[in-house]
Amino acid sequence: MSRQASGLQAWAVQRLTAIYLGGFFIYLIVAVLLDPPASVELWRARFGGVASVAWLLFVLALCWHAWIGIRDVVLDYIHPPVWRLSALVAFGGGLVACALWGFKIILLAAGG
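See below:
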């Protein structure tokens, strides 16, 4: 893909992550409303097995979605190169930290 079309690629990725996030959120609401977990063990069971992969994908999609959005805002509205780079590094570092924290929580909840 050419550099000129990178905006289209970012747009498509953001839409795909939004679809996953929305679908997962709807599934989560329906699952909790239809079968509310009564104990911590039941909550942990929701994080185990195949569900832990879905949760990890959720965290990854959320951070990727947020990165594309904040990157576009920074590139559009912060013009001095030093400030732009500083903002991108700060937001990127924050998102990586949040993703690692989320992965740790999910893996610990899944029993790993």
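Those letters in the sequence shown? Residues 145 to 256, per this note's numbering, in order. The beta carbon of each residue, even a glycine, is placed where N, CA and C say it ideally should be.
Is residue 225 helix, strand or coil by DSSP?
If DSSP states are grouped into helix, strand and coil, residue 225 belongs with the helices.
Who are the near neighbours of residue 210 in its chain, counting only those whose CB is closer than 8 Å to its CB and skipping five residues on each side?
Contacts found: 239.
For the alpha helix (DSSP H) containing residue 166, name the first residue and the last one.
Here the alpha helix (DSSP H) through residue 166 covers 150 to 178.
On the criterion of 16 or more Cβ atoms from any shown chain inside 10 Å, does residue 163 qualify as buried, or is it exposed?
Residue 163 should be labelled exposed.
DSSP state of residue 213, grouped into three classes?
Helix at residue 213.
What residue range is occupied by the uninterrupted alpha helix (DSSP H) comprising residue 189?
Unbroken alpha helix (DSSP H) run through residue 189: 184 to 191.
Where does residue 202 land, buried or exposed, given buried means 16+ other C-beta within 10 angstroms?
With 16 or more other Cβ atoms within 10 Å, it is buried.
In whole angstroms, what is the alpha-carbon distance linking residue 214 and residue 186?
Approximately 36 Å, taken between the alpha carbons.
Under 8 Å by Cβ, that's how I've got residue 222 and residue 158 pegged, so tell me the actual separation to the nearest angstrom.
Contact flag wrong, Cβ pair sits at about 19 Å.
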